[in-house]
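Protein chains in written order, with our numbering: chain F, 57 to 339; chain U, 57 to 339. Ideal Cβ placement from N, Cα and C applies to all residues, glycine included. Take a look at the structure set out below.
Protein chains: 2
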Amino acid sequence: MSGTEAPRGPLVLVAGGGDYPLQLARILANRGERPFIAAIDGVADPAAFGDADVQSYRLGQLGRLLEELRRRDIADMVMLGGLPRPSFGALRPEASTLKYLPYFAKAFRGGDDHLLSGVVRFFEQQGFRVHGPAEIAPELTAPQGPLGRRQVSAEQRELLQRGFSLLDALSPFDVGQAAILADHRVVAIEAAEGTDAMIRRVTDLVGRGKLKIGKGDGVLVKTPKVGQDLRLDMPAIGPDTLRNIAEAGLSGIGVRAGRVLVGDRDALGRLADQLGLFVEGFA
Amino acid sequence: MSGTEAPRGPLVLVAGGGDYPLQLARILANRGERPFIAAIDGVADPAAFGDADVQSYRLGQLGRLLEELRRRDIADMVMLGGLPRPSFGALRPEASTLKYLPYFAKAFRGGDDHLLSGVVRFFEQQGFRVHGPAEIAPELTAPQGPLGRRQVSAEQRELLQRGFSLLDALSPFDVGQAAILADHRVVAIEAAEGTDAMIRRVTDLVGRGKLKIGKGDGVLVKTPKVGQDLRLDMPAIGPDTLRNIAEAGLSGIGVRAGRVLVGDRDALGRLADQLGLFVEGFA
């Protein structure tokens, strides 16, 4: 996946919230790599990385992080993990960070892609090579085909394809990483609320009798936007996603293979089997 | 608007829930017309139509309604008002309705448009001319331009146009009559939950600090789908829509002129002024 890349030197893993940064650190450690880990204060717990080489940084300590990376001669970077959309006022920038603020003030205007591509561009302008987590560790993403034992039916496949087409049509508007289709129609489209909240909405519609989802019906589709930069904010599913869709009465999840994070493939496949769900990656 | 129509004979108004059927009955009465009103049981209160010629029908009494219309020589029909998506099992069809059920069993598979166009086709096959409420009473729809005193700003206009384009892109998927844009991005897209629930979601995101909407920011767009049959289930806004978006902190509503019901234009314009909102119809 990184065939066109220059050989990679020492790496910094900028770690946000959730389990994925820990999994990536573990994969790298198993390969004998020892990245420097910059844990983002408030979302990533540095202690969770065990004896790794880790330090905590607030967003407002960007300047201090850059100085540390330069001191260590680190020019390769991967960013992974949940990051609450930061409010510009809550940054509390240190003196060494102040000079970078005008850059980010501009990036804050616009959709998520706009903000995030601004972050990538910033680090590139500072001389870093920013790698996507899927490039560093493709084993974190959905493979093509089913993760567990369940296979999709013809009806489910038709719903999934309609869902992927819908999300592709939304891409030019910088919105729509997920949708739920059931009962022969589109029943929920994700925007600012996030995937979990969208799933809860469907659970709620079903609970209030506003929507009927029969056995084997109901699918979640999740995919990056067309042209989305996968070096930051890759779409992801995990155990909670599976539990949430099981609670909503859906039958499974379709994702774009290689372009959606699933973390530990085997563990997620086993959970899918336990919950009676399909999870399948599509080319 | 009905220039190509055959001259209209006696009319039946099939009245669902909400205020719009009452307003249409009033407009017709003011013109000296006296339509037969078939009030759908459970959503339309026959008493609300005063001394009009009104009878109540359950959905399962379709056969009885058809017999009554034939007895009265009524061949022109308009349908208006909210109708909960009926569950096929709750129809409790009378004997005279049973023969029509296979037709509707097919129509129940698919998106809303599919179901509703099936209803229109059914009545047409039964020999009725089905008219849209906008054709019978264009004064019930949004005119072009602002309804109240507020005009949209350049920024609001840009958001509205992006919203209309977004909804147009969703039309092929038979979903998406409304969306909310704020903070330079798309923050909510309506699917099965309905417009009011979508607005409440934004109110909730703002309340939980997940979304910031500044003064003058935040717009609701509402429009029929491209190619939508406006003879049934026209999109509508009303006083509650305005109150809800004011509570969400939005600045106003953009609708497609002539293609979205607003009811009493003057009253809605006054309410918009009171709430400090714009409501504008766009060609």
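In terms of residues, what are the limits of the beta strand (DSSP E) holding residue i?
i: Gln111 (chain U); result: 109-113
i: Arg127 (chain U); result: It is not in any beta strand (DSSP E) - Arg127 (chain U) instead sits in the alpha helix (DSSP H) that spans 118-127.
i: Ala238 (chain U); result: 234-238
i: Leu276 (chain U); result: 275-278
For residue i, list the residues DSSP reports as bridge partners.
i: Phe334 (chain U); result: U:Gly308
i: Val70 (chain F); result: F:Ala94, F:Met135
i: Arg185 (chain F); result: F:Asp132
i: Ala292 (chain U); result: U:Leu317
Between residue i and residue j, how many whole angstroms is the CB-CB distance? I'm expecting something under 8 Å.
i: Ala253 (chain F); j: Gly183 (chain F); result: About 38 Å separates the two Cβ atoms, so there is no contact after all.
i: Gln79 (chain U); j: Gly319 (chain U); result: 5 Å
i: Ala292 (chain F); j: Leu333 (chain F); result: About 16 Å separates the two Cβ atoms, so there is no contact after all.
i: Ala94 (chain U); j: Leu121 (chain U); result: 6 Å
i: Gln212 (chain F); j: Val262 (chain F); result: Gln212 (chain F) to Val262 (chain F), Cβ: 18 Å. No contact.
i: Leu216 (chain F); j: Phe338 (chain F); result: 7 Å
i: Gly73 (chain U); j: Val208 (chain U); result: Rounded, the Cβ-Cβ distance is 31 Å, inconsistent with contact.
i: Gly138 (chain F); j: Val110 (chain F); result: Not quite, the Cβ-Cβ distance comes to about 17 Å (not below 8 Å), so this is no contact.
i: Pro189 (chain U); j: Leu196 (chain U); result: 6 Å
i: Asp107 (chain U); j: Pro66 (chain U); result: That belief does not hold up - the Cβ atoms of Asp107 (chain U) and Pro66 (chain U) are roughly 18 Å apart, past 8 Å.
i: Ala225 (chain U); j: Ile245 (chain F); result: Not confirmed; about 12 Å, so no contact.
i: Gly204 (chain F); j: Asp329 (chain F); result: 4 Å
i: Thr279 (chain U); j: Gln233 (chain U); result: 7 Å
i: Leu331 (chain F); j: Ala302 (chain F); result: 4 Å
i: Tyr159 (chain U); j: Leu118 (chain U); result: 10 Å between Cβ atoms; not a contact.
For residue i, which three-state DSSP category applies?
i: Arg64 (chain F); result: coil
i: Gly201 (chain F); result: strand
i: Tyr76 (chain F); result: helix
i: Leu286 (chain U); result: coil
i: Ser221 (chain F); result: helix
i: Val242 (chain F); result: strand
i: Leu317 (chain F); result: strand
i: Ala104 (chain U); result: helix
i: Glu150 (chain F); result: coil
i: Val176 (chain U); result: helix
i: Ser58 (chain U); result: The predicted position of Ser58 (chain U) is uncertain, since its pLDDT is 42 and thus under 50; a value taken from the coordinates is nonetheless stated next. The answer is coil: DSSP assigns Ser58 (chain U) none of H, G, I, E or B.
i: Asp230 (chain U); result: coil
i: Tyr159 (chain U); result: helix
i: Leu216 (chain U); result: helix
i: Ala323 (chain U); result: helix
i: Leu267 (chain U); result: coil
i: Arg87 (chain F); result: coil
i: Ala248 (chain U); result: coil
i: Ala328 (chain U); result: helix
i: Arg206 (chain F); result: coil
i: Ala339 (chain F); result: coil
i: Ala193 (chain F); result: coil
i: Lys281 (chain U); result: coil
Would you kindly report the start and end of the unbroken alpha helix (DSSP H) that includes residue i?
i: Val258 (chain U); result: 251-263
From this set, the options, which residue's C-alpha is nearest residue i's C-alpha?
i: Tyr113 (chain U); options: U:Leu69, U:Arg264, U:Gln233, U:Arg177; result: U:Leu69
i: Arg257 (chain F); options: F:Asp285, F:Ile236, F:Gly137; result: F:Ile236
i: Arg299 (chain F); options: F:Val335, F:Leu196, F:Phe160, F:Arg177; result: F:Val335
i: Ala313 (chain U); options: U:Ala304, U:Ala302, U:Asp109, U:Val277; result: U:Val277
i: Pro77 (chain F); options: F:Gly325, F:Ile301, F:Met290, F:Arg241; result: F:Met290
i: Lys268 (chain U); options: U:Lys281, U:Thr251, U:Arg287, U:Asp239; result: U:Asp239
i: Glu123 (chain U); options: U:Phe105, U:Ser152, U:Met135; result: U:Ser152
i: Ala71 (chain U); options: U:Gly88, U:Phe105, U:Leu154, U:Glu191; result: U:Phe105
i: Leu125 (chain F); options: F:Asp75, F:Ile83, F:Arg185, F:Phe160; result: F:Arg185
i: His187 (chain U); options: U:Leu324, U:Arg64, U:Arg315, U:Gly325; result: U:Arg64
i: Asp173 (chain U); options: U:Met135, U:Gln200, U:Ile83; result: With the sequence shown as reference, residue 173 (chain U) is identified as Ser, and Asp is not the correct amino acid for it. Answer by Cα proximity: U:Met135.
i: Leu84 (chain U); options: U:Lys266, U:Glu150, U:Thr279, U:Ala193; result: U:Ala193
i: Ala323 (chain F); options: F:Glu214, F:Gly294, F:Gly272, F:Gln117; result: F:Gly294
i: Arg326 (chain F); options: F:Ser221, F:Lys266, F:Ile255, F:Arg206; result: F:Arg206
i: Lys281 (chain F); options: F:Leu222, F:Glu191, F:Arg82, F:Lys271; result: F:Leu222
i: Asp285 (chain F); options: F:Asp230, F:Lys266, F:Ala198; result: F:Asp230
i: Arg340 (chain U); options: U:Arg264, U:Pro228, U:Gly270; result: This structure cannot settle anything about residue 340 (chain U), because the visible part of chain U is limited to 57 through 339.
i: Phe178 (chain F); options: F:Gln200, F:Gly310, F:Met133; result: F:Met133
i: Asp75 (chain F); options: F:Asp101, F:Arg315, F:Arg218, F:Val311; result: F:Asp101
May I ask you to check if the CB of residue i is nearer than 7 Å to at least one heavy atom of the ligand HEM?
i: Thr197 (chain U); result: Judged by which ligands are present, the structure shown has none, so any question about the ligand HEM falls away.
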